[in-house]
Amino acid sequence: MSKAIVIYTSKRGSTKQYAEWIAGDLGCTALTLDDAKSQDINLYEYDCIIYGGWIRGSGIVDFDKFAKWLDDELMRRLIVYGVGFADETAENYAQVWGYSIGKIDPKNENRSILYILGGRYDPSNVKGMDKMMMKVMRSVLLSGSTPDAKMQADRIRDRIDNGVDMVQRENISSLVKDARKKL
Ligand SMILES: Cc1cc2nc3c(=O)[nH]c(=O)nc-3n(C[C@H](O)[C@H](O)[C@H](O)COP(=O)(O)O)c2cc1C
Numbered sequence: 025m026s027k028a029i030v031i032y033t034s035k036r037g038s039t040k041q042y043a044e045w046i047a048g049d050l051g052c053t054a055l056t057l058d059d060a061k062s063q064d065i066n067l068y069e070y071d072c073i074i075y076g077g078w079i080r081g082s083g084i085v086d087f088d089k090f091a092k093w094l095d096d097e098l099m100r101r102l103i104v105y106g107v108g109f110a111d112e113t114a115e116n117y118a119q120v121w122g123y124s125i126g127k128i129d130p131k132n133e134n135r136s137i138l139y140i141l142g143g144r145y146d147p148s149n150v151k152g153m154d155k156m157m158m159k160v161m162r163s164v165l166l167s168g169s170t171p172d173a174k175m176q177a178d179r180i181r182d183r184i185d186n187g188v189d190m191v192q193r194e195n196i197s198s199l200v201k202d203a204r205k206k207l
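For the sequence shown, the working numbering assigns the number 207 to the last residue and increments by one with no breaks.
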């Protein structure tokens, strides 16, 4: 019987929430990367492998650690989702892809799939290193040379300052459809 697995890294819950919704729809297990490591999960037992991570500075957190387990065969079974507060514009997608799948398969020969899902950000919950990084990110946000780029930068600045919650169950529907095609 075909099997799927969801492995995730979440700091404040939104990536975890998506992992649980996806696993619920696919009737499979969702577990953290740490648990997957300690349980010595054998990825070859799964026809569809989903990795979800929260986005930090356009990188999908711990994807590099997870990627150490992957070879071409496993990458063909892979769907990655990143969760962030930026909209899924072509520019943002290309950047997140470049820091994740693009790093290990620059020509996308294995056709791993990437989704960017709307996340949650509450400035009052962000402390320490994350707070410092956010301050830097805000200060270097370019205003953009086109009206569209300027609008995006303004939107992100507003989300950094005031928070945002874009977590919605329906955001997973295309990902779940793609996962079912692999099963
Ligand atoms: C330090 C820091 C950097 C972030 N950088 C980005 C980013 O580059 N792009 C983005 O879309 N979201 C970014 N975010 C937003 C988070 O990824 C988003 O809020 C996500 O939903 C958090 O997932 P979690 O609830 O599973 O921890 C950043 C958040 C923090 C705290």
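Don't be surprised by glycine CBs; every beta carbon is placed ideally from N, CA and C.
In this text the structure is predicted, and so the values were computed from the model without any measurement.
Q: For ligand 1, list every residue whose C-beta falls under 7 Å from any of its heavy atoms, going in chain order.
A: Residues whose Cβ lies closer than 7 Å to any heavy atom of ligand 1, listed in chain order: Ser34, Lys35, Arg36, Gly37, Ser38, Thr39, Lys40, Trp78, Ile79, Arg80, Gly81, Ser82, Val107, Gly108, Phe109, Ala110, Asn116, Gly143, Arg144, Tyr145, Val150, Asp154, Met157, Met158 and Met161.
Q | Residue nearest to glycine 51 in terms of C-alpha spacing, selected from Leu94, Arg101, Gly81 and Tyr70 | A | Indexing the sequence shown from 1 puts residue 51 at position 27. Nearest of Leu94, Arg101, Gly81 and Tyr70 to glycine 51, Cα basis: Tyr70.
Q. What whole-angstrom Cβ distance do arginine 179 and leucine 165 have, given they're in contact under 8 Å?
A. The residue you call residue 179 lines up with position 155 of the sequence shown. The residue you call residue 165 lines up with position 141 of the sequence shown. Between arginine 179 and leucine 165, the beta carbon gap of about 10 Å keeps them out of contact (Cβ cut-off 8 Å).
(Q) Taking 8 Å as the threshold (C-beta atoms), are aspartate 49 and isoleucine 196 in contact? (A) One-based indexing of the sequence shown puts residue 196 at position 172. One-based indexing of the sequence shown puts residue 49 at position 25. Their beta carbons are under 8 Å apart, which means isoleucine 196 touches aspartate 49 by this criterion.
(Q) Which residues does DSSP list as the beta-bridge partners of aspartate 189? (A) The residue you call residue 189 lines up with position 165 of the sequence shown. Under DSSP, aspartate 189 forms a beta bridge with Arg144.
(Q) Measuring only the C-alpha atoms, how far is glycine 92 from tyrosine 139? (A) Residue mapping note: residue 92 aligns to position 68 of the sequence shown, counting from 1. Residue mapping note: residue 139 aligns to position 115 of the sequence shown, counting from 1. Sequence inspection shows lysine at residue 92; the glycine mentioned does not correspond to that position. Lysine 92 and tyrosine 139: Cα-Cα distance of roughly 20 Å.
Q.
Please state the DSSP three-state secondary structure of glycine 37.
A. As a first step, residue 37 is located in the sequence shown; it is residue number 13 there, counting from the start. Glycine 37: coil per DSSP, three-state reduction.
Q | Residue from Thr113, Met157, Met153 and Asp154 with nearest C-alpha to glycine 2 | A | Residue 2 is absent from the structure shown; the chain starts at 25 and stops at 207.
Q.
Less than 8 Å between C-beta atoms, sequence neighbours within five positions excluded: which residues of the same chain meet that for asparagine 132?
A. As a working mapping, residue 132 is identified with position 108 in the sequence shown. Closer than 8 Å at Cβ, skipping near neighbours: Ile125 and Gly126.
(Q) Just to confirm the assignment, what range does the beta strand (DSSP E) spanning isoleucine 73 have? (A) Residue 73 sits at position 49 when you count from the first residue of the sequence shown. DSSP places isoleucine 73 in the uninterrupted beta strand (DSSP E) bounded by 72–80.
Q: Evaluate contact between the stretch 69–86 and the stretch 95–107, counting only Cβ atoms and requiring at least three cross-stretch pairs below 8 Å.
A: Contact holds: three or more Cβ-Cβ distances are below 8 Å.
Q: Kindly indicate which residue of Gly81, Ser26, Ala43 and Leu55 has the alpha-carbon position closest to the one of methionine 161.
A: The sequence position of residue 161 within the sequence shown is 137, counting from 1. Of the candidates Gly81, Ser26, Ala43 and Leu55, the one whose C-alpha sits nearest the C-alpha of methionine 161 is Gly81.
Q) According to the neighbour-count rule (16 or more other Cβ atoms, all chains shown, within 10 Å of its Cβ), is serine 169 buried or exposed? A) The residue you call residue 169 lines up with position 145 of the sequence shown. Here serine 169 is exposed: its Cβ has fewer than 16 other Cβ atoms, across all protein chains shown, within 10 Å.
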